[in-house]
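> What follows is a single structure, and I will ask about it in a moment.
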Amino acid sequence: MNNTYYVYAYLRKDGTPYYIGKGHGNRAWNWHRNIPVPNDKKRIVMLENNLTELGALAIERRMIRWYGRKDLGTGILRNMSDGGEGVTGYTHTLETRAKLSKLSKGRTCTWGDKISEANYGRIASKETRAKISEANRKRIVTDETRAKMSASRKGRPGKPNSLETRAKLSLALKGRSLSNEHKAKTSQAMKEYWAQKKAQALHLG
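Plus 1028 on top of the position in the sequence shown (first one is 1) and you've got this note's numbering.
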């Protein structure tokens, strides 16, 4: 039996992840309690492979924290725990928590690119976009939810970046030249973004 572990995601039809998990063997394709497995297997995305169990737990926890949980009002995932424990309700020792934290720090994440790659070329229908827009307009965020969202983002990489990180980003971007194709795509994306914002403002007004 293959004892290496991996971290996987289940994607909605609009391409956003609704569940992050760790497993080995056929775990990602098997029945989950309270979590439906996508009928379209293309919406099961392998995010990280060839991991130890401890490494998989650490990455699972980091991803769940990144995307947030629906039950806590902090994000979009249907996970019912923060991950990293293997079994719901299990509590790690301080030593194990320290090891999980150490494994997560300094790791370069590729899972965002993999989710993006899985969605490449996928265009949400007008009906889907309308439903998402309508759901967001009706969404009421309570003070309690805002507090939870704020707490979940504390210490989150890039929220906000430290002065040292900003300096490194600035240094990395110096001398970088973008292709005309990339510039055109960026320009078009920004035009569509602001056109959508203007349409929403007119609708709300």
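From the three backbone atoms N, C-alpha and C, an ideal C-beta is built for every residue, glycine too.
This one's a predicted model, so the numbers in the text were calculated from it and none came from an experiment.
If you run the structure through DSSP and keep just helix, strand and coil, what is I1104?
To locate residue 1104, count along the sequence shown from 1; it is residue 76. Coil.
> Taking 8 Å as the cut-off, decide whether the C-beta atoms of V1035 and E1081 are in contact.
Here residue 1035 refers to the residue found at position 7 of the sequence shown. Here residue 1081 refers to the residue found at position 53 of the sequence shown. Going by C-beta atoms, V1035 is not nearer than 8 Å to E1081.
> What residue from Y1221, A1037 and K1070 has the CA that sits closest to Y1095's CA?
Residue mapping note: residue 1095 aligns to position 67 of the sequence shown, counting from 1. Y1095 has its Cα closest to that of A1037, out of Y1221, A1037 and K1070.
> I think L1079 touches Y1033, with their Cβ atoms under 8 Å apart; what is that distance to the nearest whole Å?
Position 51 of the sequence shown, counted from the first residue, corresponds to residue 1079. Position 5 of the sequence shown, counted from the first residue, corresponds to residue 1033. That pair is a contact at about 5 Å.
> Taking DSSP as the reference, what is the three-state secondary structure of H1060?
As a working note, residue 1060 is residue 32 in the sequence shown. In the structure shown, H1060 sits in a strand (DSSP, three-state: E or B).
> Tell me the DSSP secondary structure of N1208 in three-state form.
Within the sequence shown, residue 1208 is the residue found at index 180, counting from 1. Three-state DSSP puts N1208 in a helix.
> In whole angstroms, what separates the C-alpha of K1213 from that of W1222?
In the sequence shown, the residue the question calls residue 1213 occupies position 185. In the sequence shown, the residue the question calls residue 1222 occupies position 194. Straight-line Cα distance between these residues: approximately 14 Å.
> Using CA atoms only, rank isn't needed, just tell me which of N1062, G1083 and S1205 is closest to H1052.
The sequence position of residue 1052 within the sequence shown is 24, counting from 1. Selected option, being the one with the closest Cα: G1083.
> Quick check on K1050: buried or exposed, where buried means 16 or more other Cβ atoms within 10 Å of its Cβ?
By one-based count along the sequence shown, residue 1050 stands at place 22. Buried, because 16 or more other Cβ atoms sit within 10 Å of the Cβ of K1050.
> Suppose you measure from the CA of L1039 to the CA of I1063; what does that come to, to the nearest Å?
As a position in the sequence shown, residue 1039 is number 11, starting the count at 1. As a position in the sequence shown, residue 1063 is number 35, starting the count at 1. Between L1039 and I1063, the C-alpha separation is close to 12 Å.
> How close, in whole Å, do the beta carbons of R1097 and L1085 come, if the pair is a contact with beta carbons under 8 Å?
As a position in the sequence shown, residue 1097 is number 69, starting the count at 1. As a position in the sequence shown, residue 1085 is number 57, starting the count at 1. R1097 to L1085, Cβ: 17 Å. No contact.
> Under 8 Å between the Cβ atoms of G1111 and E1088?
Numbered from its first residue, the sequence shown carries residue 1111 at position 83. Numbered from its first residue, the sequence shown carries residue 1088 at position 60. Yes. Within cutoff.
> Please classify K1098: does DSSP put it in a helix, a strand, or coil?
Translated into the one-based positions of the sequence shown, residue 1098 becomes position 70. It is coil, neither helix nor strand.
> With DSSP as the reference, label G1049 as helix, strand or coil.
The count along the sequence shown starts at 1 and reaches residue 1049 at position 21. Three-state result, G1049: strand.
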